[in-house]
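Residue numbering for the sequence shown is 296 to 592, as defined by my numbering. Here's the structure, in structure tokens; my notes come after.
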Amino acid sequence: MRVGVAIDLHATASSSGEVTWRHIREQVLTSEQRGFDLVVLPDHLSHRAGGVGDDTSPDEPVGVREGLTEAAALAAVTSRIVIGHSVINTPYRAPAMLAHIAATLADISDGRYSLGIGVGNSFDYDQLGVDADHRVARFEERVEIVAGLLRDGYADLDGTYCSASDAELAFAPGPERRPPIVVAAGGPRTMNVAARFGDAWNGFAPTDPTSPVISELLELLDRTCDEVGRDPSSVDRTVDLGIDPMDLSGTRGRSVEMLGSLSELGIDEARCYALSDETHDARLEAIAALAELVTEI
296 MRVGVAIDLH ATASSSGEVT WRHIREQVLT SEQRGFDLVV LPDHLSHRAG
346 GVGDDTSPDE PVGVREGLTE AAALAAVTSR IVIGHSVINT PYRAPAMLAH
396 IAATLADISD GRYSLGIGVG NSFDYDQLGV DADHRVARFE ERVEIVAGLL
446 RDGYADLDGT YCSASDAELA FAPGPERRPP IVVAAGGPRT MNVAARFGDA
496 WNGFAPTDPT SPVISELLEL LDRTCDEVGR DPSSVDRTVD LGIDPMDLSG
546 TRGRSVEMLG SLSELGIDEA RCYALSDETH DARLEAIAAL AELVTEI
């Protein structure tokens, strides 16, 4: 099972000095040196008050560094580790341009870019002028356009909500460099999108190792693949989960057990959100502790 690190790009005004490019670069290079397979980044404009933790003050909004720009810079300074996203929020960008960006990132990274893609969080829709209705239907059309351009260099869709008229991707990556499309899905309709267009599926695991949530989602993925005529084994299975590598909340043992249970379920990739304080040094310590924890699986 591949194991990756989720890199936190969130910051308040009082903590912004801990989330600069220098800090993010060092955290990712440390992850690469520690042997992790990938890093994933978030994709938001900002969080409203209370969006990240209970200690967020209404007077101190949470900002987020821009994830795609960050991915390009990280791809240029790393050599082995895969650069990806927890999910790209599809409503934020025109799908043809998103495919264009992903193809460019694939080139910069020499084939080390992974395109995680999802319906998106609605808390910053108003700030971006994004329509919040028919979210899954819009998502399906956007992913169809992105997949067509990245795989075939061409998309032609006159959808209900999105369109791409004879769109061409002149610099479409070849098969050896094409970024995998990792579709986040937690229900029947989004799982249908994953089965039809995804190279991989992504879900979020609960912290309880005995929870049946992931096994039930895997069963849904298998059934949906059968329904659309696809071999279920052709879809990679990836999972995001919270991890307590430094035992800050007394749940380190449960984190080890959770990773072990995911491996036994046949999960191909686990992307870990390591619990830590918000300082840069604490995040580096969490990455080191996570590397040690992984050896116990």
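Glycine is no exception: its CB is placed at the ideal position from the N, C-alpha and C atoms.
Determine the DSSP secondary structure at residue i, reduced to helix, strand or coil.
i: Phe434; result: helix
i: Gly555; result: helix
i: Ser381; result: coil
i: Ala500; result: coil
i: His339; result: coil
i: Asp461; result: strand
i: Pro353; result: Unreliable positioning characterises Pro353 in this predicted model, as indicated by a pLDDT of 49, which lies under 50. The coordinate reading is nonetheless provided below. Correct three-state label for Pro353: coil.
i: Ser409; result: strand
i: Asp576; result: helix
i: Ile376; result: coil
i: Ala479; result: strand
i: Val441; result: helix
i: Tyr632; result: Residue 632 falls outside the range modelled here, since the chain spans only 296 to 592, and no answer is possible.
i: Val589; result: helix
i: Ala584; result: helix
i: Ala467; result: coil
i: Ala427; result: coil
i: Gly548; result: helix
i: Gly362; result: helix
Going by other Cβ atoms of all chains shown within 10 Å of its Cβ, with 16 needed for buried, is residue i buried or exposed?
i: Gly482; result: exposed
i: Val314; result: buried
i: Phe466; result: exposed
i: Ser550; result: buried
i: Ala344; result: Low confidence applies to Ala344: its pLDDT is 48, below 50, so where it sits in the model is not reliable, and the reading given next is rough at best. Classification for Ala344: exposed.
i: Pro507; result: exposed
i: Asp535; result: buried
i: Gln322; result: buried
i: Asp303; result: buried
i: Arg375; result: exposed
i: Tyr449; result: exposed
i: Glu518; result: First, the amino acid is wrong: residue 518 is Arg here, not Glu. Arg518 comes out exposed.
i: Ala459; result: buried
i: Ala308; result: exposed
i: Arg578; result: buried
i: Thr485; result: buried
i: Met553; result: buried
i: Glu361; result: exposed
i: Val441; result: buried
i: Met296; result: buried
i: Pro470; result: exposed
i: Thr373; result: buried
Out of the options, state which residue places its alpha-carbon closest to the alpha-carbon of residue i.
i: Ile403; options: Gly379, Glu313 and Glu573; result: Gly379
i: Ala500; options: Asp426, Ile319 and Ala480; result: Ala480
i: Ser366; options: Thr519, Ala450, Ile319 and Thr325; result: Sequence inspection shows Ala at residue 366; the Ser mentioned does not correspond to that position. Nearest option by C-alpha distance: Ile319.
i: Asp332; options: Gly537, Leu400, Thr533 and Gly561; result: Thr533
i: Ala306; options: Val382, Asp517, Glu587 and Thr574; result: Thr574
i: Leu464; options: Asn487, Ala583 and Leu444; result: Leu444
i: Pro386; options: Ile376, Ala583, Ala427 and Gln322; result: Ala427
i: Ser529; options: Met553, Ala495, Glu580 and Gly555; result: Ala495
i: Met541; options: Leu585, Asp517 and Asp563; result: Leu585
i: Ser311; options: Gln328, Val357 and Asp338; result: Val357
i: Ser510; options: Asp461, Gly561 and Arg547; result: Gly561
i: Asn416; options: Arg430, Val372 and Asp503; result: Arg430
i: Gly299; options: Asp576, Val377, Ser460 and Glu522; result: Val377
i: Ser558; options: Pro504, Ala308 and Ala398; result: Pro504
i: Tyr456; options: Val372, Gly330, Arg491 and Glu435; result: Glu435
i: Glu264; options: Arg473, Leu543 and Ala490; result: For residue 264 there is no data in the structure shown, the boundaries of the chain being 296 and 592.
i: Ala371; options: Gly469, Gly406, Asp338 and His342; result: Gly406
i: Leu516; options: Thr546, Asn487 and Ile440; result: Asn487
i: Glu564; options: Ile440, Val589 and Thr373; result: Val589
i: Ala389; options: Val425, Gly545 and Leu369; result: Val425
Along the chain, where does the beta strand (DSSP E) containing residue i start, and where does it finish?
i: Asp453; result: Tyr449 to Asp453
i: Gly561; result: Here Gly561 belongs to no beta strand (DSSP E), and DSSP marks it neither H nor E.
i: Ile538; result: Asp531 to Ile538
i: Ala301; result: Arg297 to Ala301
What span of residues does the alpha helix (DSSP H) with residue i cover, start to end?
i: Glu522; result: Val508 to Val523
i: Phe492; result: Pro483 to Phe492
i: Pro390; result: Pro390 to Ile403
i: Leu423; result: Tyr420 to Leu423
What are the uninterrupted segments assigned as beta strand (DSSP E) that are 3 or more residues long and contained completely in the stretch 303-342, given in chain order?
333-336
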